[in-house]
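Numbering (full-length UniProt numbering), first residue to last: 1 to 279.
Glycine included, each C-beta is placed from N, C-alpha and C at the ideal position.
Nothing here was measured: the structure is a model prediction, and the numbers come from that model.
These notes concern the structure reproduced below.
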């Protein structure tokens with residue numbers, strides 16, 4: 001199956017999965033469209049083309065016992081999804097927690113499509129870097145200016161049962177509104193022992209909301225081999241801040257450890273540097 005055709009089919013199905021219920025045939029056809037659900041499938045990494053994802057969209061207040069959620073989790077266990085077929089398995093659900101006020105783009109940004117906002121932010125970053133080493137505070141200013149404030153807590157469950165159990169717990173919590181409005185987990189890849197499980201918040205500069213989601217994750221009682229969790233703003237991904245070795249800036253801005261009490265200490269990188277960032 002050509003990559004583009006498969007991606008289109010996955011997208012079409014992702015759009016239809018928000019229905020309250022659906023016939024078993026629909027789920028069977030969805031499974032047939034994704035080769036990695038076949039036990040005989042050989043894992044292979046994506047080497048070209050856009051990342052593919054299958055996403056379940058639930059209506060507000062759907063709850064952890066929603067029948068489509070159970071079907072979705074059974075159809076797409078992370079341990080059986082290779083990144084050649086599905087790079088990400090995701091769930092989108094409205095959170096019960098009050099949403100932050102919608103930020104307005106700063107001066108010079110203007111109304112733009114998301115990809116244009118990213119391009120403009122990257123261009124501004126490159127111009128700044130040509131004059132002096134940029135900082136986390138500079139990235140935060142661009143996040144506000146171009147309305148790119150989203151970020152995510154990243155967990156790293158081991159491949160196999162640990163990843164499947166962690167994903168089920170996080171997806172159920174998201175469906176009840178206890179986390180943010182989006183969660184996702186990566187597929188597996190050859191020679192890689194861990195998945196990446198992302199739990200999003202709408203505004204990484206809102207420390208209260210970031211901390212609320214961190215506390216909710218701690219309360220889930222997850223038992224992961226790698227207990228360290230990191231928070232990375234999306235703006236850092238757009239600016240290609242992927243590892244400390246690629247530059248002087250740390251990609252993550254918060255970190256915590258699981259399991260932990262709700263009052264556990266957590267670190268904020270560059271607190272003083274970002275204190276004057278406009279909200």
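Bridge partner(s) assigned by DSSP for residue i
| i | result |
| --- | --- |
| residue 194 | 158 |
| residue 57 | 92 |
| residue 151 | 201, 233 |
| residue 182 | 92 |
Same chain, Cβ closer than 8 Å to residue i, neighbours up to 5 away in sequence not counted
| i | result |
| --- | --- |
| residue 53 | 10, 14, 86, 87, 88, 89, 90, 184 |
| residue 38 | Note that residue 38 scores 45 on pLDDT, short of 50, meaning its location in the model is unreliable; the coordinates nonetheless yield the value given after this. Excluding sequence neighbours, residue 38 sits near nothing in its chain. |
Residues near residue i by beta carbon distance below 7 Å, same chain, minus five either side
| i | result |
| --- | --- |
| residue 164 | 77, 78, 79 |
| residue 81 | 36, 89, 187, 188 |
| residue 114 | none |
| residue 242 | 251 |
| residue 159 | 79, 188, 193, 194, 195 |
| residue 334 | Within the shown structure, residues of the chain are numbered from 1 to 279, placing residue 334 beyond reach of any answer. |
| residue 117 | 146, 147, 148 |
| residue 124 | 142 |
Residue i versus the options, residue with shortest Cα-Cα distance
| i | options | result |
| --- | --- | --- |
| residue 148 | 206, 56, 57, 58 | 206 |
| residue 254 | 201, 238, 167 | 201 |
| residue 74 | 126, 135, 167 | 167 |
| residue 221 | 170, 233, 120 | 170 |
| residue 354 | 155, 237, 124 | With the chain represented from 1 up to 279, any question about residue 354 goes unanswered, as that position is not in the structure. |
| residue 213 | 237, 55, 199 | 199 |
| residue 63 | 157, 172, 120 | 172 |
| residue 126 | 161, 56, 258, 239 | 239 |
| residue 237 | 177, 218, 223, 121 | 121 |
| residue 226 | 219, 257, 209 | 257 |
| residue 209 | 177, 224, 70 | 177 |
| residue 151 | 139, 161, 162 | 139 |
| residue 224 | 248, 69, 56, 162 | 162 |
| residue 249 | 137, 68, 119 | 137 |
| residue 157 | 71, 197, 56 | 197 |
| residue 93 | 56, 233, 232 | 56 |
Residues near residue i in its chain [Cβ-Cβ closer than 6 Å; skip 5 each side]
| i | result |
| --- | --- |
| residue 143 | 149, 235 |
| residue 230 | 154, 252, 255 |
| residue 219 | none |
| residue 69 | 175 |
| residue 217 | none |
Check: residue i C-beta below 7 Å from any heavy atom of the ligand GDP
| i | result |
| --- | --- |
| residue 73 | Here there are no bound small molecules, and the ligand GDP is not part of this structure. |
| query | Quick one: any contact between the region 130 to 140 and the region 177 to 191, if contact means 3 or more CB pairs under 8 Å? | reply | no
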